[in-house]
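Residue numbers (the numbering used here), protein chains in the order written: chain V, 977 to 1334; chain P, 259 to 569; chain S, 142 to 978.
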Amino acid sequence: MRRILYTALGLAAVGSVGLLLFAWSGLYSVAASRGHWPMVEWVLEFGMENSVETHAPNVTPPRLDDPDLIRLGAGHFLFGCAECHGAPGTEVGLVVRGMLPPPPDLSRRVSAWTDQELFWIVKNGIKYTGMPAWPTLDRDDEVWALIAFLRALPSLDQAAYRALAYGDVPAEPQSGEGVAMSGGASRALGACARCHGAGDRPPLSALVPRLHGQPAEMLVEALRAFAAGERRSGIMEPLAAALSRRAAEEVATYYAGLAPLPPTSTVQAESIGRLAAEGDAAAEIPACISCHDRQALAIYPRLAAQSARYLENRLRVLWYAQPRTPTQSIMVPIARRLSEQQIRDLSAYFAGLPPEQR
Amino acid sequence: MTGLQSMFAPMGPEAALIADLAAVLFVGAAVVLTIVVAALWFAMLGSSAARRGLAAERAVIVGGIVFPIVALAALLAYGLWVMRASVASPAASNAMRIEVTGEQWWWRVAYRDGDGRRIESANEIRIPVGRDVVLTLRSADVIHSFWVPSLAGKVDMIPGRVNTLKIVAKQPGVYRGQCAEYCGGAHALMALEVVALPEAEFASWLAAEGAQATDAAGETERQGRELFLAAGCGACHAIRGTRADGRIGPDLTRVGARRQIAAATLPATRENLARFIVDGQHLKPGNGMPPFRVFSAEELSAVVAYLASLK
Amino acid sequence: MTRAATATGEYPNDLPRPEGELERLEAAWELPKGWRIVTAVNNTVIGYFYIATAFGFFVLAGILALLMRTQLAVPDNTFLGQETYNQIFTMHGTVMMFLFAVPAVEAMGVLLLPQMLGARDLPFPRLGAFAFWAYLIGGLVFFCTLFVGLAPSGGWFMYPPLTSERFSPGVGADFWLLGIGFIEISAIAGAIEIIVGVLRTRAPGMTLDRMPIFAWTMLVFAGMVVFAFPAVILATILLELERAFDWPFFIAERGGDPLLWQHLFWFFGHPEVYIIFLPAAGMVSMIVPAMAQTSMVGHRLIVVALIATGFFSFGLWVHHMFTTGLPALSLGFFSAASMAVSVPSGLQVFAWIATIAAGRLRLTAASLFVLGFLFIFTLGGLTGVMVAMVPFDWQAHDTYFVVAHFHYVLVGGMVFPLLCAFYYWAPAFSRRPLSERMGKSAFWLIFIGFNVAFFPMHISGLIGMPRRVYSYPAGLGWDLPNLISTVGAFIVAAGILVVLADFLRNLRPTLTKSAGDVWKGGTLEWLENHTYGARSVPHVDSREPLWTHPRMSEDVKKGRYYLPGTMTGGRETIVTSPVEAVPQYLMRLPGPGWPHLIAAVFTAAFFLLLTVKAVALALACGGIVIAAMIAWMWSSDPASAGEADIGAGISLPTYVAGPTHPSWWAMVVVLLVAGALYLSYVFGYLYLWTVSPATWPTTPISMPSWPVTCLIVSGVALAAATRLLGSSRLLFALALACGIGALLVGLALDAWTQWQSGLRPSASGYAAMVYANAVLQAQIAGVVTAMGAFTLARLVAGRLDADRRVVFDNLALLWGYAIGEAALGLLLTHGFPRVAG
């Protein structure tokens, strides 16, 4: 017994020294151009698949056929994923084809994974493959939006995909000058209006906030916080980081100047109106409107006629958030005092409030 | 051994009775301890006669049963008399009633004026000298204990119950007190001050206290008031006469006149007010007020100027 | 019956002893080798582990105290943050009380009692080992929560509503409730073993009157644990139900009451102080006579005083609640009771002084600790009388005065005697005695340091400093006393370091070659000891047999007394009658094994995983626990091995059933625990009614006729099963299954009826109490069901018949109790609303 043990230990020691020597010799080629030996490829793939299977969380996904979730996912897919994985009607770029392993065509591959496994991959990325992790680990809700989209992806043709991902924003520049100045379609990728709407157009998904008529100061602060990583979002952080300070101010002014959109719901419960207007002293919930009506500081958002689903989601995100910005510091402790029912009711209440009223 | 918060500096009859009782107890304890140590000494090193006496079972019965029973019975009678004299004596008919509610980690104080109107304040209780004051003690969250040693013993504030405590201050002065029941996080920072004023001074103070907040005097104060309201401070704090009517935090109608802030843990200077607004979570971790870092430096000093002007 | 004529020079057994007798005895009691020592179950090994662990927790909690004293050395200090400090003071109190004090005295009992009583081991070695391992693992994990910031911060007294889900979200409070609740259960397991051990395994002839005072104190200790701990276990169950499922027992707005917790907690918490103090006083009562070389003066008075203390201590819990605004009348009553309890303690102090006067006290390290104990404990008792004076307490309550008071009582009354005991008993269990020189220096450091640390706290409390504050402002006169206290704390720490160094240098635990009777003690633990205790079990005819019979040590070693070897080839001990100590039965004891250890590890895992809400894993661990317990129990209750001759012509049976069997006594103690738990519940139910009668129903639900019928059926089945065991296996099995089934159905029907009536547990304090009844009944019924299944399995395996029936006897006791408790529950939840409404 003891001899077997020592022999095993000895072999293990020799093996690890050998491996180290091999790595040190530099004989192994890390070239992506040469591909893997089939055996190595099989082992890597096998290991990856099992790793994903083991680590995938045991959670119940939200309803993945939810159109709002799919549209939000589509909006991000276009910006964050299509470049490498391609999309209906768009081939994978030539540069990407040189990657090892080559990014798979998702419309064919996603069916092999469960929702939880896909979620884990999208959230955490995969080592040694070039697949990045989600820009923040704090926003599972966003990851699920992408999973919802991936589930819808195999059934999408080019037109349906474009309608989802671009909304009314033209996918390609209209003029030759446009092509000459910006090159192909790339400008549309980062367009705010794809997701948030513009003019009198509402956002593409009810999970996306309506920016129409919000105070410019609040919008600038939000973009700053996204860019600085203080406000967490895998979708907004990279976009905001790409905007200059001046561009942020311009776009904020643009949205601030738009006429607020009409309310989206008609729920007007008396009791919840009182909670919003007066708060609940016993539960230490302050009145929402003290900070969110027209008279409040311009750094605070206005809530009247905001999308209910967005508000709910935002409150839940705040519930778990580590406060980093001045306004989060105020709102996070308050959000944590709200019950799930109150979150739903208050969101519906504000969604139904005509913007001119407050 | 006197201090701002000492039971040896009694300023009211309740506290004085207890201080007398304490003196009796200390002397008695010293005597008993001396007896025990002496007995031990003799048991080890005494003459053989002394040791024979101590070694008898009778010594055990006398020293260990008879003596304690007699001494303790006398003491118990005295203690019960003190208890009757302090709690059971009814408050005078002109007694003043003040409601005090313990909250994590401050004290909500409410007076009634002549018309029975409720006048709210916080963390500072003003009382007229020489008059019986009956405190109605409640809790809004967890168990606290109201304790101002110079005036009386402590009484707990328990959710769902109402306790009362009668206090009288014999002379004008400031008496410090502190929450005595562990109430979580910042329990150590939950103090209060009782300010005893001569009767006439108290009456005029109460009349002023009940009035609407003083109007913002200068441009800065006005700007401060608008910022106070726009930043949502009014959702938690009330300032009578403005639309700030929150009931979650302390009433700030006369905050500028208070000696201390943050439940008598910081002198009420402008600097401390500003620090508390921006960084209250470091000064008093876990308190209910989120940090308000949304103001610029000028805005903050305007808000503070406004608060300081509320006298 | 006994032909014990030792006085006339005759011995129970003749010399020379047969060849190989000693070798067989040693083989039967051989310890597992190497790391397998963890499977050992005999009291000496478990006793060592137990004491080492308890002392380890003492050192850890002491380090926490040093951290606190460092923080408080100067005003406005920022050494520890607010939350850290709150966690540390909570852990300091909790660890000192639950992980040091109670286990330490229990450990002393486990280690000393069998030797002192002339038994080979405690009657249920595996239960003792289980209790120890559960405590070690649970305690370590509980302590480690401090390092990951998950420690509770609600104080060791855990008052709701501060500890409710609303004001203490997160798992810290749950760690306290589940972790400590489970360690309390381990303490109860130890108490059961100690009660049965003291009453049933004394040496022949050691009547209750000849029993050493330490054994008396351990008996009173264990009895108090049995009645006091259930109250706090109930309280922790209720609070955990409130936290996990929103059953509002302590929420005032919904008909609960925060004071209910305080009543239950202090009904445990005050006796707890005496639970800790009495065994320590018992040790002193052993050491003083040995050091003065004379019998204890007033032996019987002391025994009466011990029992009186036990009784009184249950009648003064309200003195922790003098400031809650209770009516003056009840304050007066509890004030008087609190003073009364100081009389028996005073009596003991004078009895020790008398004993010192009667003999000549040798000034050893142990004696110094006794003298230090007398001074400090007396002072603590005097301040105790002060805080028992209601008006004085209104000022002193929850201030540093009280901190000073109870440290004088607990450190003086427990830590000093414990250190004294280490110095006194070390030679009985170690190759070398501890160093007198180091012991004396340690004493002076600890004694001086203690007074420097704690005397000023009287003053800082009276000049206004409340307890449990992480910081204080300058200028209130608190600065100097606090600085002095901190200096004192570090002097104490230095003294403890000296003790630890002495342990390292001189403590060499041994089970064969101990230094022996260096103090010339008079009691049986000073016989030459092995894993099996003494070679033969002496006949005892006085309180200090070794003084009465100077040659006893030699004779015992030669095997002249009872049971000089092993009669059945395994481990065994003599079971005697509870009062007169007449030999009745030769009990066979189990040896080393894994099942109890596995059960302990996974019981700890079960509770801890439940705390972090890993329910699936917890249930898996629960399954392992059940499997391990079945494996453990299966080998218990071996069949009769005929009669055994232990000497002096006494032939003892090796199988008995009914009240002669120690496990019958253990089961009765379990029933007392369960009964105390249920009575605490009845108190809680009625108490909530007095607080908020409005939440009680005005129209009670329909009469529980079906549940009552089920209980009657179950009772009839129990009676039938008892008779059928000897005659028909099939009918017996049928009666058993139907009877337990009827019990379960009856309880389920009752809960279902309440549910159908629309009552939901989160609705009010009343509703929560109704369902708490269901929970408590389900606990007992669950155990009855498990034992029933086990009994049937034994029947099928042919390990249960008319003679070999201990398993069924124990089930019958619990089953009968369960029917009674269920009936009481129906009476309370259905009858009381009718009477009150």
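Just so it is clear, CB atoms sit at the ideal spot from N, CA and C, and this is done for glycine as well.
Exercise for review: Check the C-beta distance from residue 607 of chain S over to residue 534 of chain S and give it rounded, since I have them as a contact under 8 Å.
Suggested key: For the purposes of this step, residue 607 of chain S is taken as the residue at position 466 of the third sequence. For the purposes of this step, residue 534 of chain S is taken as the residue at position 393 of the third sequence. About 14 Å; that fails the 8 Å criterion.
Point to revise | Coarse secondary structure for residue 404 of chain P, derived from DSSP in three states | key: The residue given as residue 404 of chain P occupies position 146 in the second sequence. In the structure shown, residue 404 of chain P sits in a strand (DSSP, three-state: E or B).
Review point. Would you call residue 239 of chain S buried or exposed, if buried means 16 or more other Cβ atoms sit within 10 Å of its Cβ?
Key: Here residue 239 of chain S refers to the residue found at position 98 when the third sequence is read from its first residue. Counting Cβ neighbours within 10 Å, residue 239 of chain S comes out buried, since at least 16 surround it.
Review point. So, using beta-carbon positions, are residue 517 of chain S and residue 553 of chain S closer together than 7 Å?
Key: Here residue 517 of chain S refers to the residue found at position 376 of the third sequence. Here residue 553 of chain S refers to the residue found at position 412 of the third sequence. Yes.
Review point. Along chain P, which residues have their Cβ under 8 Å away from the Cβ of residue 532 of chain S?
Key: What you label residue 532 of chain S is simply residue 391 of the third sequence in a count that begins at 1. The answer, in chain order, is 275, 276, 279, 337, 340, 341, 344 and 411.
Exercise for review: Please classify residue 987 of chain V: is it buried, with 16 or more other beta-carbons within 10 angstroms of its beta-carbon, or exposed?
Suggested key: Position 11 of the first sequence holds residue 987 of chain V. A residue is called buried once 16 or more other Cβ atoms fall within 10 Å of its Cβ, and residue 987 of chain V, having fewer, is exposed.
Point to revise | For residue 215 of chain S, the nearest candidate out of S:907, S:612 and S:413 (CA to CA) | key: Your numbering for residue 215 of chain S matches position 74 in the third sequence. In terms of CA proximity to residue 215 of chain S, S:612 leads the group S:907, S:612 and S:413.
Exercise for review: Would you list the one or two residues that DSSP bridges to residue 212 of chain P?
Suggested key: In the structure displayed, chain P extends from 259 to 569; residue 212 of chain P sits before or after that span and is not available.
Check your understanding: Where does residue 1276 of chain V fall in DSSP's three states?
Key -> Here residue 1276 of chain V refers to the residue found at position 300 when the first sequence is read from its first residue. Residue 1276 of chain V carries a coil assignment under DSSP once its states are collapsed to helix, strand and coil.
Practice item. Note down, in chain order, each residue of its chain lying with its Cβ closer than 7 Å to the Cβ of residue 571 of chain P, except the 5 sequence neighbours on either side. Key: Given a span of 259 to 569 for chain P in the structure shown, any question on residue 571 of chain P remains unanswerable.
**Study point:** Classification of residue 523 of chain P by the beta-carbon crowding that lies within 10 angstroms, buried from 16 upward
**Key:** Against the second sequence, residue 523 of chain P aligns to sequence position 265. Under this definition residue 523 of chain P is a buried residue.
Check your understanding: Nearest chain P C-beta to residue 311 of chain S closer than 7 Å, yes or no?
Key -> Start at 1 with the first residue of the third sequence, and residue 311 of chain S comes out as number 170. Residue 311 of chain S has a beta carbon lying at 7 Å or more from every beta carbon in chain P.
Practice item. Taking the CB atoms as reference points, tell me whether residue 454 of chain S and residue 415 of chain S lie closer together than 7 Å. Key: Looking up residue 454 of chain S in the third sequence gives position 313. Looking up residue 415 of chain S in the third sequence gives position 274. Contact: yes.
Practice item. Use the C-beta contact count for residue 290 of chain S: other C-beta atoms within 10 angstroms, 16 or more gives buried, fewer gives exposed. Key: Here residue 290 of chain S refers to the residue found at position 149 of the third sequence. Result: exposed.
Exercise for review: Leaving aside the five residues before and after residue 408 of chain S along the sequence, list all residues of the same chain whose C-beta is less than 6 Å from its C-beta, in chain order.
Suggested key: Numbered from 1 along the third sequence, position 267 holds the residue referred to as residue 408 of chain S. Spatial neighbours of residue 408 of chain S in its own chain (CB-CB distance under 6 Å, excluding positions within 5 residues in sequence) are listed in chain order as 372 and 458.
Review point. Between the C-alpha atoms of residue 225 of chain S and residue 962 of chain S, what's the straight-line distance to the nearest angstrom?
Key: Along the third sequence, one-based indexing puts residue 225 of chain S at 84. Along the third sequence, one-based indexing puts residue 962 of chain S at 821. About 44 Å.
Check your understanding: What is the DSSP secondary structure of residue 367 of chain P, counted as helix, strand or coil?
Key -> On the second sequence, position 109 is the one that residue 367 of chain P refers to. Strand at residue 367 of chain P.
Exercise for review: Taking residue 416 of chain P as the query, report the chain S residues whose CB atoms sit under 7 Å from its CB, ordered along the chain.
Suggested key: Position 158 of the second sequence holds residue 416 of chain P. Ordered by position in chain S, the residues that pass the 7 Å Cβ test against residue 416 of chain P are 399, 400 and 465.
Practice item. Quick one: list the residues of chain S neighbouring residue 309 of chain P, beta-carbon separation under 7 Å, in chain order. Key: Indexing the second sequence from 1 puts residue 309 of chain P at position 51. Contact annotation for residue 309 of chain P against chain S: 498 [CB-CB distance below 7 Å, chain order].
Practice item. Compare the C-alpha of residue 318 of chain P against each of S:245, S:441 and S:645 and name the closest. Key: Translated into the one-based positions of the second sequence, residue 318 of chain P becomes position 60. When each option's Cα is compared against that of residue 318 of chain P, the closest is S:441.
Review point. Less than 7 Å separating the beta-carbons of residue 505 of chain P and residue 470 of chain P?
Key: As a first step, residue 505 of chain P must be located in the second sequence, where it is residue number 247. As a first step, residue 470 of chain P must be located in the second sequence, where it is residue number 212. No, the pair does not count as a contact, with Cβ atoms beyond the cut-off.
Review point. Is there a Cβ from chain S that is less than 7 Å from the Cβ of residue 302 of chain P?
Key: Numbered from its first residue, the second sequence carries residue 302 of chain P at position 44. Between residue 302 of chain P and chain S, the shortest Cβ-Cβ separation is below 7 Å.
Point to revise | Nearest-angstrom Cα separation, counted from residue 941 of chain S out to residue 463 of chain S | key: Working through the third sequence from its first residue, we reach residue 463 of chain S at position 322. Working through the third sequence from its first residue, we reach residue 941 of chain S at position 800. Going from the Cα of residue 463 of chain S to the Cα of residue 941 of chain S covers about 56 Å.
Review point. Mapping DSSP to helix, strand and coil, what is residue 145 of chain S?
Key: Against the third sequence, residue 145 of chain S aligns to sequence position 4. Residue placement at residue 145 of chain S cannot be trusted, given a pLDDT of 45 that sits under 50; the coordinates are not used to answer.
Practice item. Quick one: residues in its chain with C-beta nearer than 8 Å to the C-beta of residue 154 of chain S, no 5 flanking neighbours on either side, listed in chain order? Key: For the purposes of this step, residue 154 of chain S is identified with residue 13 of the third sequence, where counting begins at 1. Around residue 154 of chain S, the same chain offers 677, 700, 701, 702, 703, 705, 788 and 789 as residues with beta carbons nearer than 8 Å, after the five sequence neighbours per side are excluded.
Review point. For residue 1307 of chain V, which residues of its own chain have a beta-carbon under 6 Å away from its beta-carbon, when the five flanking residues on both sides are left out?
Key: Residue mapping note: residue 1307 of chain V aligns to position 331 of the first sequence, counting from 1. Around residue 1307 of chain V: 1294.
Practice item. For residue 562 of chain S, I'd like the list of residues in its chain whose CB is within less than 6 Å of its CB, leaving aside the five on either flank, ordered along the chain. Key: As a working mapping, residue 562 of chain S is identified with position 421 in the third sequence. Taken in chain order, the residues that qualify are 424.
**Study point:** Through-space distance from residue 315 of chain S to residue 974 of chain S, alpha-carbon basis
**Key:** Counting from 1 along the third sequence, the entry for residue 974 of chain S is found at position 833. Counting from 1 along the third sequence, the entry for residue 315 of chain S is found at position 174. Their Cα atoms are separated by approximately 33 Å.
Practice item. Compare the C-alpha of residue 843 of chain S against each of S:881, S:269, S:891 and S:751 and name the closest. Key: As a working note, residue 843 of chain S is residue 702 in the third sequence. If we check each option's Cα against that of residue 843 of chain S, S:891 comes out closest.
Practice item. Select from P:558, P:363 and P:529 the residue whose C-alpha is nearest the C-alpha of residue 545 of chain P. Key: Translated into positions along the second sequence, residue 545 of chain P becomes position 287. Per the Cα distances, P:363.
Practice item. Please check if any C-beta of chain V sits within less than 7 Å of the C-beta of residue 259 of chain P. Key: For this step, residue 259 of chain P is matched to residue 1 along the second sequence. Confidence at residue 259 of chain P is low in this model, with a pLDDT of 45, below 50, so the placement of that residue should be treated as unreliable; the coordinate-derived value is given next. Output row for residue 259 of chain P: interface = no.
Practice item. Taking C-beta pairs closer than 9 Å, name the residues in chain S that residue 295 of chain P reaches, listed in chain order. Key: Locating residue 295 of chain P in the second sequence gives position 37, where the first residue counts as 1. Residue 295 of chain P reaches chain S at 515, 516 and 519, counting residues in chain order whose Cβ is nearer than 9 Å.
Check your understanding: Tell me which same chain residues have a C-beta within less than 7 Å of the C-beta of residue 947 of chain V, skipping the five on either side of it?
Key -> Lying before the first or after the last residue shown, residue 947 of chain V is absent from chain V, which here runs from 977 to 1334.
Practice item. State yes or no: is the C-beta of residue 492 of chain P within less than 7 Å of the C-beta of residue 1266 of chain V? Key: As a working note, residue 492 of chain P is residue 234 in the second sequence. As a working note, residue 1266 of chain V is residue 290 in the first sequence. Against a cut-off of 7 Å, the Cβ pair of residue 1266 of chain V and residue 492 of chain P comes out as a contact.
Point to revise | For residue 264 of chain P, the three-state DSSP class (helix, strand or coil) | key: Within the second sequence, the letter at position 6 stands for residue 264 of chain P. Here residue 264 of chain P sits in coil by DSSP.
Check your understanding: Closest to residue 1209 of chain V by CA distance: which of V:985, V:1173 and V:1056 is it?
Key -> Along the first sequence, read from residue 1 onward, the residue named residue 1209 of chain V stands at position 233. Of the candidates V:985, V:1173 and V:1056, V:1056 places its Cα closest to the Cα of residue 1209 of chain V.
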